[in-house]
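A.B. asks: Listed in order, the protein sequences are those of chains S and F. Sequential numbering from 1 applies to the first sequence in the numbering used here. Sequential numbering from 1001 applies to the second sequence in the numbering used here.
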Amino acid sequence: MTTQTASATSFLQTAQGGHLQPTERVLVGVLGLGLALLGLGGGRARGLILGGAGLGLAAVALRGSNPLATALKIQQNEAGETLVSDAVTIGKAPDELYALWRPLERLPQIMSHLKDVQVLSETRSHWTVKGPLGNVSWDAEITADEPGRRLAWASLPGAGIENSGEVIFREAPGGRGTELVVRLKYKNPAGTAGAVIARIAGQEPSQQLRDDLMRFKREQELGFNPTTEGQTSGRNKSQTINEKIRNVS
Amino acid sequence: MKAVIWQGTNKVGVETVPDPTILQATDMIVKVTATAICGSDLHLLDGYIPSMEKGDILGHEFMGEVVEIGPAVNNLKVGDRVVVPFNIACGVCDYCQRGFFSACDNTNPNHRMAEALYGAVSGGGLFGYSHLYGGYAGGQAQYVRVPFADMGGFKIESGLRDEQVLFLTDIFPTGYQAAENCNIIPGRDVVAVFGAGPVGQFAARSAQMLGAARVIVIDRVPERLALAEKAGTETVNYEQVDVQVALREMTGGRGPDHVIDAVGLEAHGHGPGALLDTAQQKLRLTFDRITALRWAIMSCAKGGTVSMPGVYGGLVNEMPMGAAFAKGLIFRMGQTHTHRYIRPLLERIEKGEIDPSFVISHRASLHDAPELYETFRDKKNGCIKVVLDPWGPPSAAD
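Structure below.
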């Protein structure tokens, strides 16, 4: 599961937009056929509308792809795992950055969705994330550790959310520091629909990852993150849209 | 303090708001002694730059006196007189290190928004220029918070008046960069400048400084053309003659070697393209009206440069890409790397090569800003450039 190579295409090539899970396909298909049958019994206008909607849903079920998820650019593979990846270039050497990621107990300072990581042994650790319905925990193990180059982990069997991830530290050309690539793979417990709802609610991991990587870059390059929070305006105390976005994620 | 506030599309007001405070160790607070309204502020007034929010403090051309510094500010002290570039640069990232200050990686807290609209990684933040560009409070106010003070405060130690150095914050470097981007061959190249507003005026004079054989300025407002002529440029009034025909004749059929679009996304002009743009912009089918850019591309000589200091915000329709391809044109555009130009251009001012205050038509109190935004937008009363005194009494307008 975590044997991907450093090539970006091999990770993303497995993604094909939003993939409906088998149960989701059955549900959508039954709903679609039901609507189509109702359409057959009705008048002309009602028949056209219900029949059309029904056949549309049936086609979605047959194709097995969730058009909503695809439109929202949620990447999933055949197995229904959601793929999230992003990258940032940071003006520091790969070794220096690797050294900040390797002590897993410090990861929650970098990745905002993590609440806590406890190191159990050289390779084993216990992870906790904040979920919409409370905390979720699992045990994970390090599956690859190449100092200064790559770090990978995967959840152990029995995890509530099956997931894995890797971080690649690649020297940027022209002395520009490090290209830091993060790839995460997880099975959303609520299927494709869950991924869509999470995206609309603004809790989607790819947005979180983007913010996390930029925050990490700025901390490394500047030692702090520039902000406008608390500045004066003609708004009294109401927040701007961007402040709201930041405070949600 | 008093500040100019964006209250919604076509609504600007002066309000009393809390004084700015130091938020981060690298910040400083500047007491503003002079501030100007920029042509690009009019795009905000008209609502064509997305992501403005009611209550935003406007203004990105300002200068003043340092009154407070954060503990990590090293190059400035309280009492220093400074001009502040309109863009905010960290000075540390790869772009700043190479002098591409407006492309700074690190100063836009709202990078996610800019990335969604413009792709790749967001450029740096700007003062008072929408949340897409960072949402930083602007300097049409009595005080302003300046982040990255060591990068953003350029000391003025000579006895020059505010009016002579204020435009180093934006329009002089912007016009200069536009001319520099043309790679003018001295004594040979002909440069046409579309738009005789403040940036066009500085672009034309900068093209002369860089050795252009001839500079031709195109506009429709007589007093603006007259101001350009004072500097020894030739002019074309596009309401009186066909621009393309006139430029062809003036350049022996070749077209200008380089063209500068100092107009941007709210071009006037006429013809079917202009009518279609206006209709589409009103219906929000296109963001940007590009008559000036179309004329620039169509008139430009083969192998020439289309330099674009004018601001664009979104998508354009009916862009003559075939003409640009057929003639092998080079496009140069983007926000100005202001920090690069302040010292060399200050030197030119100190040597007396140019007095940037030539462009000022209106001086007034900050209290009169709402009225002057309209005067400037409608080009009434010969308005070319407005400078505001944040401490002046109400109704001191000329």
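In this text, a Cβ means the ideal position worked out from N, Cα and C, and glycines have one as well. Remember, it's a predicted structure, so these values are computed and weren't measured experimentally.
When the cut-off is 9 Å and only beta carbons count, does P1394 (chain F) lie next to chain S?
C.D. replies: So, not an interface residue.
A.B. asks: I want to know whether the segment 1103-1117 of chain F touches the segment 1080-1095 of chain F - three or more CB-CB distances under 8 Å.
C.D. replies: Yes, the segment 1103-1117 of chain F is in contact with the segment 1080-1095 of chain F.
A.B. asks: Exposed or buried, which one is R46 (chain S) when buried takes at least 16 other CB atoms within 10 Å?
C.D. replies: R46 (chain S) is exposed by the Cβ-count criterion.
A.B. asks: Within a Cβ cutoff of 7 Å, which residues of the same chain sit near E171 (chain S), ignoring the five residues on either side of it in sequence?
C.D. replies: Excluding residues within five positions, the ones whose Cβ falls inside 7 Å are P94 and T178.
A.B. asks: Report the residue from S:T128, S:R102 and S:M111 whose alpha carbon sits nearest the alpha carbon of E122 (chain S).
C.D. replies: Of the candidates S:T128, S:R102 and S:M111, the one whose C-alpha sits nearest the C-alpha of E122 (chain S) is S:R102.
A.B. asks: Classify K217 (chain S): buried if its beta carbon has 16 or more other beta carbons within 10 angstroms, exposed otherwise.
C.D. replies: Answer is buried; the Cβ neighbour count reaches 16.
A.B. asks: Using beta-carbon positions only, say whether L1076 (chain F) and V1067 (chain F) come within less than 9 Å of one another.
C.D. replies: Cβ distance not < 9 Å, so L1076 (chain F) and V1067 (chain F) don't count as in contact.
A.B. asks: Measuring only between beta-carbons, confirm whether H1111 (chain F) sits less than 9 Å from chain S.
C.D. replies: Closer than 9 Å: yes.
A.B. asks: Since E141 (chain S) and A154 (chain S) should fall inside the 8 Å C-beta cutoff, what is the C-beta to C-beta distance between them, to a whole number of angstroms?
C.D. replies: 7 Å between Cβ atoms; contact.
A.B. asks: So that I know if they touch, is there some Cβ in chain F lying closer than 9 Å to that of P94 (chain S)?
C.D. replies: No, P94 (chain S) lies away from the interface with chain F (no Cβ there is under 9 Å from its Cβ).
A.B. asks: Would you be able to state if there are at least three C-beta pairs under 8 Å between the segment 1193-1200 of chain F and the segment 1208-1225 of chain F?
C.D. replies: Short answer: they touch.
A.B. asks: Going by DSSP, name the residue or residues bridged to F1408 (chain F).
C.D. replies: Residue 1408 (chain F) lies beyond the stretch modelled for chain F, which goes from 1001 to 1398, so this question has no answer here.
A.B. asks: Mind checking who T1016 (chain F) pairs with in its DSSP beta bridge?
C.D. replies: Beta-bridge pairing links T1016 (chain F) to F:K1002.
A.B. asks: Taking only beta-carbon atoms, is T227 (chain S) less than 9 Å away from chain F?
C.D. replies: Chain F contact via Cβ: present.
A.B. asks: Taking buried to mean at least 16 other C-beta atoms within 10 Å of its own C-beta, is Q1240 (chain F) buried or exposed?
C.D. replies: Answer is exposed; the Cβ neighbour count stays below 16.
A.B. asks: Under 9 Å, do E1115 (chain F) and R210 (chain S) count as touching if we go by C-beta distance?
C.D. replies: Yes.
A.B. asks: With a 10 Å radius around its C-beta and 16 neighbouring C-beta atoms as the bar for buried, classify T1375 (chain F) as buried or exposed.
C.D. replies: Classification of T1375 (chain F): buried, given that the 10 Å Cβ count is 16 or more.
A.B. asks: On the criterion of 16 or more Cβ atoms from any shown chain inside 10 Å, does N1110 (chain F) qualify as buried, or is it exposed?
C.D. replies: The residue in question, N1110 (chain F), is buried, as its Cβ has 16 or more Cβ neighbours within 10 Å.
A.B. asks: According to a CB-to-CB cut-off of less than 9 Å, which residues of the segment 206-222 of chain S neighbour chain F?
C.D. replies: So the close ones are Q207, R210, D211, M214, K217, R218, E221 and L222.
A.B. asks: Would you mind reading off the limits of the alpha helix (DSSP H) that contains W1295 (chain F)?
C.D. replies: It spans T1291 to S1299 - the alpha helix (DSSP H) in which W1295 (chain F) sits, taken as one unbroken run.
A.B. asks: Applying a beta-carbon distance threshold of less than 8 Å, which residues of chain S neighbour Q1024 (chain F)?
C.D. replies: Those within 8 Å of Q1024 (chain F) in chain S are F224, P226 and T227.
A.B. asks: Per DSSP, which one or two residues make a beta bridge with R150 (chain S)?
C.D. replies: BP columns for R150 (chain S) point to S:E146 and S:I168.
A.B. asks: Skipping 5 residues on each side, what residues in its chain have a beta carbon closer than 7 Å to that of T2 (chain S)?
C.D. replies: Note that T2 (chain S) has pLDDT 40, beneath the 50 cutoff, so the model's placement of it is unreliable and no number is given.
A.B. asks: Taking Cβ positions only, does G1134 (chain F) come closer than 9 Å to chain S?
C.D. replies: Yes, contact with chain S.
A.B. asks: Pick out whichever of F:M1001, F:I1005 and F:I1037 has its Cα sitting closest to the Cα of V1030 (chain F).
C.D. replies: It is F:M1001 whose Cα lies nearest to the Cα of V1030 (chain F).
A.B. asks: So which residues of chain F does Q75 (chain S) contact, with C-beta pairs closer than 9 Å?
C.D. replies: By Cβ distance, chain F contributes nothing, its closest Cβ being about 17 Å from Q75 (chain S), past 9 Å.
A.B. asks: Spatial neighbours of Q231 (chain S) within its chain, please: CB distance less than 8 Å, with the 5 preceding and 5 following residues excluded, ordered by chain position.
C.D. replies: Around Q231 (chain S): no qualifying Cβ.
A.B. asks: Taking C-beta to C-beta, are T82 (chain S) and K187 (chain S) nearer than 9 Å?
C.D. replies: Their beta carbons are under 9 Å apart, which means T82 (chain S) touches K187 (chain S) by this criterion.
A.B. asks: Can you give me the C-alpha to C-alpha distance between Q1140 (chain F) and P1390 (chain F), rounded to a whole angstrom?
C.D. replies: Cα to Cα, Q1140 (chain F) sits roughly 7 Å from P1390 (chain F).
A.B. asks: On a Cα-Cα basis, can you pick out the residue from S:E96, S:I90, S:G174 and S:Q76 that is closest to L184 (chain S)?
C.D. replies: Measuring from the Cα of L184 (chain S), the nearest candidate turns out to be S:Q76.
A.B. asks: Consult DSSP for D1150 (chain F) and reduce its assignment to one of helix, strand or coil.
C.D. replies: Helix.
A.B. asks: 9 Å is my cut-off, CB to CB: does G1153 (chain F) come that close to chain S?
C.D. replies: Cβ-Cβ to chain S under 9 Å: no for G1153 (chain F).
A.B. asks: So G1138 (chain F) and F1127 (chain F) are supposed to be a Cβ contact under 8 Å. How far apart are they, rounded?
C.D. replies: Sure, about 5 Å apart at Cβ, within 8 Å.
A.B. asks: Let me check one thing: in DSSP terms, what residues is I1057 (chain F) bridge-paired to?
C.D. replies: For I1057 (chain F), which the question treats as bridged, DSSP gives the partners F:I1005.
A.B. asks: Can you pull the chain C residues whose beta carbon is under 7 Å from the beta carbon of S233 (chain S), in chain order?
C.D. replies: Structure shown: chain C not included; protein chains present are S and F.
A.B. asks: Which partner residues of A140 (chain S) appear in the DSSP bridge assignment?
C.D. replies: Its beta-bridge partners are S:S125 and S:S155.
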